[in-house]
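Just so you know, numbering that gives the first Met the number 0 puts 142 at position 143 of the sequence shown, and the rest follows in order with no gaps.
Since the structure comes first, as structure tokens, the remarks are kept for the end.
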Amino acid sequence: MIIIFCVCSYFMGNVKFCSGKTSLLFQFAINSALECSSSNRKVVFICNRRRLENKPPYLYQGIDPSSDVFQRIKMKYADDDDGIKKYFAAFHLHDTFPAAVIVDDFGDFFQERSCQERYGNPRGRDLAMVRTLALCQNAITHACKKGPCKLLLSDTHHGDSPRLLFIYKRWIPAIFTVKGSCFKSLNLCL
């Protein structure tokens with residue numbers, strides 16, 4: 000399992016510029032789908048539909064939008080952590096496991112207030128995230144017994160250090176931080 004933290008910290012007036020994290024994740028999905036093109040395996044991209052429609056990922060040069068590789072990328076839309084939990088709870092029922100599962104903006108699926116109410120605990124969001132990460136890890140471990148299956152989670156944070164890094168460190172062996180390094184006019188550099 001891998002998690003990527005994306006720092007979004009570029010502002011121009013009221014406009015916030017992000018680093019292209021979803022585009023990077025989608026490129027990972029394309030690359031994973033190309034790697035498993037000889038098998039019948041797919042790549043699953045889990046995200047919030049509204050966010051994806053508002054800010055669709057950019058395709059990098061050289062990628063044909065009509066390519067059949069996109070037929071091997073299955074979009075799964077979730078509104079909250081229940082959608083992610085339902086997907087991974089039924090993961091073992093798949094006949095063929097995906098080559099990769101990508102979850103965009105993992106932390107945003109956990110709404111502070113609803114998690115606190117559900118668990119009756121001020122740290123309900125933390126509890127919900129831990130339970131979901133355990134479920135993800137269990138599902139991917141099960142899938143890996145039959146063949147390689149990657150899990151890539153992303154989260155976005157603003158500021159110096161991700162607040163929930165201590166939770167992620169417990170469940171995820173590889174954590175990368177992607178941070179933009181320059182902002183000139185309207186050109187964003189990574």
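Think of the CB as a built atom: it goes at the ideal place given N, C-alpha and C, for glycine as much as any other residue.
Predicted model only: the values in this text are computed from it and were never measured.
Next on the checklist: What does the alpha-carbon distance come out to for the pair R169 and L132?
Outcome noted: 9 Å
Checklist entry - Measuring CA to CA, which of S153, P121, R50 and R130 is closest to I101? => result S153
Next on the checklist: What does the alpha-carbon distance come out to for the pair F90 and A138?
Outcome noted: 6 Å
Checklist entry - Are F108 and I83 close, meaning C-beta to C-beta below 8 Å? => result Yes, these two residues count as a Cβ contact at 8 Å.
Checklist entry - So Y167 is in the alpha helix (DSSP H); what residue range does that whole segment cover? => result L164 to W170
Item to check | Simplified DSSP state of L58, which is helix, strand or coil | outcome: Reduced to three states, the DSSP call for L58 is coil.
Next on the checklist: For L163 and D94, what's the separation of their Cα atoms in angstroms?
Outcome noted: 34 Å
Checklist entry - Is it the case that the Cβ atoms of A88 and L134 are separated by a distance below 8 Å? => result yes
Item to check | Three CB pairs or more closer than 8 Å across the segment 67-75 and the segment 23-37 | outcome: yes
Next on the checklist: Taking 7 Å as the limit between beta carbons, can you name the residues of its chain near V129, skipping five residues before and five after?
Outcome noted: Excluding sequence neighbours, V129 sits near I166.
Checklist entry - Going by other Cβ atoms of all chains shown within 10 Å of its Cβ, with 16 needed for buried, is T155 buried or exposed? => result buried
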